[in-house]
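Undergrad: Encoded as structure tokens, here's the structure I'll be asking about.
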Amino acid sequence: MFNLKNTNKTIQDIDTFFDTIDETVLVFKSGVKNYLYNNSEQFNDNLQSMAKLEKTSNELRRSIESKLYTHSLMAEVRGDVLRLLERMESVVDILSRNLFQFEVEIPFIPVELNNDFIKLTETSTLSVEGIIPAAKAYFRTPDLMTDKIHRVYF
595 MFNLKNTNKT
605 IQDIDTFFDT
615 IDETVLVFKS
625 GVKNYLYNNS
635 EQFNDNLQSM
645 AKLEKTSNEL
655 RRSIESKLYT
665 HSLMAEVRGD
675 VLRLLERMES
685 VVDILSRNLF
695 QFEVEIPFIP
705 VELNNDFIKL
715 TETSTLSVEG
725 IIPAAKAYFR
735 TPDLMTDKIH
745 RVYF
């Protein structure tokens, strides 16, 4: 019973981790739009949110890693799980760095290119949005994972 409780809590933390990544994608897209349309106050809010989400995802990953080792959970696939979590966290790092680059470099983007940049942002984040359900499926319904990951490769 104790081990099942730890396993369920860990899976709940993993879900929260993936939800945090999903929220990071939303904040990134919003941040790019706010930068392009010179909404500096909202853009700064996006930067603050991004920093908090990056910290949260890092803390969750470390907590999950600790639980996997401490409670000997998922021993057969622990390495795969840790690699998945690390790679997913690297997505958060990339999105965060890219959003903060707008603040640091302050690139001039002509207004007529705003729609193209928004489309580029939408397209580039589609793979992350597609991989989150696939990663969740790894823990809940592994047989559906292949179908979900197909979207990312396509």
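Everything in the sequence shown is counted per this note's numbering, starting at 595 for the first residue and increasing by one. Just so it is clear, CB atoms sit at the ideal spot from N, CA and C, and this is done for glycine as well.
Is Asn-708 close to chain B, meaning its C-beta is less than 7 angstroms from at least one C-beta of that chain?
TA: This model lacks chain B altogether; it includes just one protein chain.
Undergrad: Quick one: complete beta strand (DSSP E) runs, 3+ long, within the segment 672-744?
TA: Taking only runs of at least 3 residues, no beta strand (DSSP E) segment lies wholly in the segment 672-744.
Undergrad: Taking the CB atoms as reference points, tell me whether Phe-612 and Ala-728 lie closer together than 7 angstroms.
TA: No, these two residues do not count as a Cβ contact at 7 angstroms.
Undergrad: My guess is that Asp-687 and Glu-648 are in contact by the Cβ rule of under 8 angstroms, so how many angstroms apart are they, rounded?
TA: Confirmed, Cβ separation roughly 7 angstroms.
Undergrad: Using 8 angstroms as the threshold, is the segment 699-713 in touch with the segment 672-683, meaning 3 or more CB pairs across them?
TA: These segments do not touch.
Undergrad: Can you tell which of Glu-716, Thr-735 and Ala-731 has the C-alpha that lies nearest to the C-alpha of Val-621?
TA: Measuring from the Cα of Val-621, the nearest candidate turns out to be Glu-716.
Undergrad: The alpha helix (DSSP H) spanning Tyr-663 covers which residue range?
TA: It spans 634-664 - the alpha helix (DSSP H) in which Tyr-663 sits, taken as one unbroken run.
Undergrad: State yes or no: is the C-beta of Asn-602 within less than 7 angstroms of the C-beta of Gly-625?
TA: No, the pair does not count as a contact, with Cβ atoms beyond the cut-off.
Undergrad: How long is the line joining the alpha carbons of Ser-651 and Ile-703, rounded to whole angstroms?
TA: Those two C-alpha atoms are separated by around 31 angstroms.
Undergrad: So what does DSSP say about Glu-670, is it helix, strand or coil?
TA: Note: Glu-670 maps to coil in three-state DSSP.
Undergrad: May I have the straight-line CA-CA distance separating Ile-726 from Ser-666, to the nearest angstrom?
TA: Ile-726 and Ser-666: Cα-Cα distance of roughly 25 angstroms.
Undergrad: Take the Cβ of Val-685 as the centre, count every other Cβ of all protein chains shown within 10 Å, and call the residue buried at 16 or more, exposed below.
TA: Val-685 comes out buried.
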